[in-house]
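Residues in the sequence shown are numbered from 74 upward in steps of one, following the working numbering. Note that CB positions come from ideal geometry on N, CA and C, so glycine has one too. Note sheet for the following structure.
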Amino acid sequence: MGSALSGDLKIYLRNTGGQTLKATIHDNFYKTGTVTRTISPGHETSIVLHLKQRRGWYDFTVKSADSEPEARFAGRVETGKTSFTDPFMGGVF
């Protein structure tokens, strides 16, 4: 048997460019702050977002410090357990 699903979200960031990249992951609604990573050319890093307090829900934006475009991701990590309504919708946060 495999291990139980944690409900956490692991994000991989890869720098395919020729210069060092400073990337930020900003939590848009759940008040867990911002994570910043510096990634050397040709390397990658990963960040784990612990979602237990949010019952698996997430809403975050990824952006490079040297670029205007950004990517926003929102949803819920499925673990097979009973789900709950998004806590942000209920005004819990």
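What is the rounded straight-line gap between the Cα of glutamate 117 and the Cα of tryptophan 130? The sequence position of residue 117 within the sequence shown is 44, counting from 1. The sequence position of residue 130 within the sequence shown is 57, counting from 1. If I take the Cα positions, the gap works out to 25 angstroms.
Secondary structure of lysine 104, DSSP reduced to three states: On the sequence shown, residue 104 is found 31 positions in, with the first residue counted as 1. Three-state DSSP puts lysine 104 in coil, outside helix and strand.
Between which residues of its own chain and asparagine 101 is the CB-CB distance below 8 angstroms, once the five residues before and five after are set aside? For this step, residue 101 is matched to residue 28 along the sequence shown. Same-chain partners within the cutoff: Asp132, Phe133, Thr134, Arg145, Ala147.
Taking the alpha-carbon of valine 121 as reference, which of Val108, Pro114, Gly115 has the nearest alpha-carbon? Here residue 121 corresponds to residue number 48 of the sequence shown, with the count starting at 1. Measuring from the Cα of valine 121, the nearest candidate turns out to be Val108.
Span of the beta strand (DSSP E), counted from its first residue to its last, around glutamate 117: For the purposes of this step, residue 117 is identified with residue 44 of the sequence shown, where counting begins at 1. Its beta strand (DSSP E) spans residues 117-122.
What number of angstroms, rounded off, separates the C-alpha of threonine 155 from the C-alpha of lysine 125? Indexing the sequence shown from 1 puts residue 155 at position 82. Indexing the sequence shown from 1 puts residue 125 at position 52. Straight-line Cα distance between these residues: approximately 13 angstroms.
Would the beta-carbon of threonine 111 fall within 8 angstroms of that of threonine 93? Residue numbering aside, residue 111 sits at position 38 when the sequence shown is read from its first letter. Residue numbering aside, residue 93 sits at position 20 when the sequence shown is read from its first letter. Contact: yes.
CA-CA distance, glycine 106 and glycine 115? The residue you call residue 106 lines up with position 33 of the sequence shown. The residue you call residue 115 lines up with position 42 of the sequence shown. Roughly 27 angstroms between the two C-alpha positions.
Taking 8 angstroms as the CB-CB limit, is phenylalanine 133 close to chain C? The question asks about chain C, but that chain is absent: this structure has only one protein chain.
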